[in-house]
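Chains as they are written, first to last, in the working numbering: chain V, 345 to 453; chain F, 345 to 453. Every residue, glycine too, gets a C-beta built ideally from N, C-alpha and C. Bear in mind the structure is a predicted one, so any value in this text is a computation, not a measurement.
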């Protein structure tokens, strides 16, 4: 069944929303710490442009990943799980087959 | 006389080159210190994207300003003088009328 046909109850949508917010907050916190650390060690103009490129790439990635798109929800949750920004207990309350599918997808990515 | 018709002797070109390098080094040093200071105070994702935009703009500005273009040399030297990245003594050795023109331009910018 393609992900586009997956139905999400209102409650499940709320659970996914909270999971997204948690993952986003965790990812941003790590990013902030990383940038503060990188920036403190900057000594040359090339380091600045590297930081600039890094920020542009991360911004593009974050904007895309956390865009509110129901069609890709399963895949994004799987990606967040794979990358450690979500744990399985963040998905508690979703239908069992969804969690299984997300978990499976996360190991295929 | 348009700036494009200004003639630069080999010696003057060398003096301009050294002045450019000095100005660039001074400007970069201040930029590095500013970014280190800004980055240390970053607390939210919006601060990151502001830093990203700031770096993109400064990069564009620096790349353009220090591009090796003889036709705009007078104007760039005037801009660097106006912004304090060069002092008049950095231009020592250039023909007097050039220094006068650059100095005049710097007060018109």
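Please name the residue or residues paired with residue 430 (chain V) in a DSSP beta bridge.
Note: residue 430 (chain V) sits in no beta bridge, so no partner.
Taking its Cβ as the centre, do 16 or more other Cβ atoms sit within 10 Å of residue 451 (chain V), making it buried, or is it exposed?
exposed
Using the beta-carbon of each residue, which ones in chain F are nearer than 9 Å to residue 438 (chain V)?
By Cβ distance, chain F contributes nothing, its closest Cβ being about 26 Å from residue 438 (chain V), past 9 Å.
Inspect the CB distances between the stretch 432–449 of chain V and the stretch 374–385 of chain V and report whether three or more fall short of 8 Å.
no
Taking a Cβ distance cut-off of 7 Å, strictly less, list which residues of the stretch 401–419 of chain V are near chain F, in chain order.
403
Within-8 Å CB hit, residue 393 (chain F) to chain V
yes
Here's the rule I'm using: 16 or more other beta-carbon atoms within 10 Å means buried, otherwise exposed. How should residue 371 (chain F) be labelled?
buried
Can a CB atom of chain F be found closer than 8 Å to the CB of residue 380 (chain V)?
yes
is_contact[residue 372 (chain V), chain F] using C-beta, thresh 8 Å:
yes
Any Cβ of chain F within less than 8 Å of the Cβ of residue 389 (chain V)?
yes
Ignoring anything shorter than 4 residues, give me the alpha helix (DSSP H) runs that lie fully in the stretch 394–431 of chain F, in order along the chain.
417–426
Per DSSP, which residues does residue 436 (chain V) bridge with? Please list them.
V:438
Please list, in chain order, the chain V residues whose beta carbon lies closer than 8 Å to that of residue 375 (chain F).
389, 392
Does any CB atom of chain V fall closer than 8 Å to the CB of residue 399 (chain F)?
yes
Out of V:350, V:377, V:424, V:403, state which residue places its alpha-carbon closest to the alpha-carbon of residue 363 (chain V).
V:424
Is residue 412 (chain F) buried or exposed, if buried means 16 or more other CB atoms sit within 10 Å of its CB?
exposed
For chain F, check one thing: does any of its Cβ atoms lie closer than 8 Å to the Cβ of residue 433 (chain V)?
no
So, with DSSP's three-state summary, where would you put residue 385 (chain F)?
coil
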